[in-house]
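Peer 1: In UniProt numbering, the protein residues as written are 1 to 188. Provided herewith is a single structure, encoded as structure tokens, for subsequent inquiry.
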Amino acid sequence: MSSNISVYRICGFCGCEFLAKKTTTKYCSLKCASKDYKRRLRNQKIENSNLQTIKIKNQPLIDLKDKEFLTVKQLALLLGFSVKTVYRLINTKGINAYNFSKRKTLIRPTDIDALFDKPQIGFEVVVRPVEQSKQAEIKDCYTITEIQKKFNISSGALYNLIKRNNINKFSKGKFIYVAKKDIEVFLK
């Protein structure tokens with residue numbers, strides 16, 4: 001049974017217009033059909049690989065949810081906190097933890113659930129007032145490089161000193177300035 005219809009179609013792979021003999025034809029040639037098939041297989045393999053990667057990445061979390069006791073490191077992974085934050089919660093009695101030795105601290109998952117159930121009375125939000133200090137004139141300031149050369153101090157030590165002592169610094173243009181009177185107190 002032959003048909004005498006001719007339908008103009010757009011190729012599903014290359015996008016060219018072609019004359020098809022059937023209404024179900026999707027590709028202009030066997031070459032385009034083969035290339036589209038290979039592209040679909042490649043995309044399917046990539047998708048399967050990505051799904052396996054996600055499954056492997058989430059496997060530790062699934063395993064942790066089923067445990068009866070968690071270590072501090074496991075709890076930090078489960079909650080997405082740092083280990084220091086978990087220890088801080090333990091020290092402030094935010095989470096009940098049990099020390100079995102110096103190196104073994106265990107937490108029950110029910111204690112974690114209780115953390116989210118109870119009202120947050122012990123935790124306060126501290127708002128520190130921002131000090132509005134006047135910027136010193138540039139003639140009364142050193143640049144960071146000038147401080148390093150004059151006092152023979154490394155850049156890391158200088159930045160630590162500035163940060164630790166809350167010394168005001170400001171930038172103008174491409175330079176960072178520190179008031180002479182503020183920095184000389186610590187470096188003389």
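Think of the CB as a built atom: it goes at the ideal place given N, C-alpha and C, for glycine as much as any other residue. None of the values given here were measured: they were computed from a predicted structure.
For a minimum of 4 consecutive residues, which ranges assigned as the alpha helix (DSSP H) are wholly contained in the segment 45-81?
Peer 2: Correct list: 72-79.
Peer 1: Keeping to the same chain, check which residues put their C-beta closer than 6 Å to that of Ile90; ignore five residues upstream and five downstream.
Peer 2: On the sequence shown, residue 90 is found 90 positions in, with the first residue counted as 1. Counting only Cβ-Cβ distances below 6 Å, and skipping sequence neighbours, we find Ala97.
Peer 1: If I measure Cβ to Cβ from Ile167 and keep anything under 7 Å in the same chain, skipping five residues before and after, which residues do I get?
Peer 2: As a position in the sequence shown, residue 167 is number 167, starting the count at 1. Val178, Asp182, Ile183, listed in sequence order.
Peer 1: For Ser29, which of helix, strand or coil comes out of DSSP?
Peer 2: Along the sequence shown, one-based indexing puts residue 29 at 29. If DSSP states are grouped into helix, strand and coil, Ser29 belongs with coil.
Peer 1: Measuring CB to CB, does Asp113 end up less than 8 Å from Ile95?
Peer 2: Indexing the sequence shown from 1 puts residue 113 at position 113. Indexing the sequence shown from 1 puts residue 95 at position 95. No, these two residues do not count as a Cβ contact at 8 Å.
Peer 1: Is there contact between the segment 7-19 and the segment 31-45, where contact requires at least three CB pairs shorter than 8 Å?
Peer 2: Enough Cβ pairs lie closer than 8 Å, so yes.
Peer 1: Looking at Ile153: is its Cβ nearer than 8 Å to the Cβ of Ile147?
Peer 2: Working through the sequence shown from its first residue, we reach residue 153 at position 153. Working through the sequence shown from its first residue, we reach residue 147 at position 147. The answer is yes: Cβ separation under 8 Å.
Peer 1: Determine the extent of the alpha helix (DSSP H) in which Thr24 is found, giving its start and end residues.
Peer 2: On the sequence shown, position 24 is the one that residue 24 refers to. No alpha helix (DSSP H) contains Thr24, which DSSP labels as neither H nor E.
Peer 1: In angstroms, rounded to a whole number, what distance separates the CA positions of residue 197 and Lys84?
Peer 2: Nothing about residue 197 can be reported from this structure: the residues present for the chain run from 1 to 188 only.
Peer 1: Count the other CB atoms within 10 Å of the CB of Val86; is the residue buried (16 or more) or exposed (fewer)?
Peer 2: Within the sequence shown, numbered from 1, the residue matching residue 86 stands at position 86. Per the 10 Å Cβ criterion, buried.
Peer 1: Taking C-beta to C-beta, are Thr92 and Thr71 nearer than 8 Å?
Peer 2: Along the sequence shown, read from residue 1 onward, the residue named residue 92 stands at position 92. Along the sequence shown, read from residue 1 onward, the residue named residue 71 stands at position 71. In this structure, Thr71 does not lie closer than 8 Å to Thr92 by Cβ.
Peer 1: Nearest CA to the CA of Leu79: which residue from Ala157, Cys16, Leu115?
Peer 2: Taking the sequence shown and counting its residues from 1, one reaches residue 79 at position 79. With distances taken between Cα atoms, Leu79 lies closest to Leu115.
Peer 1: Taking all protein chains shown into account, do 16 or more other C-beta atoms lie within 10 angstroms of the C-beta of Leu41, making it buried, or fewer, making it exposed?
Peer 2: On the sequence shown, residue 41 is found 41 positions in, with the first residue counted as 1. Leu41 should be labelled exposed.
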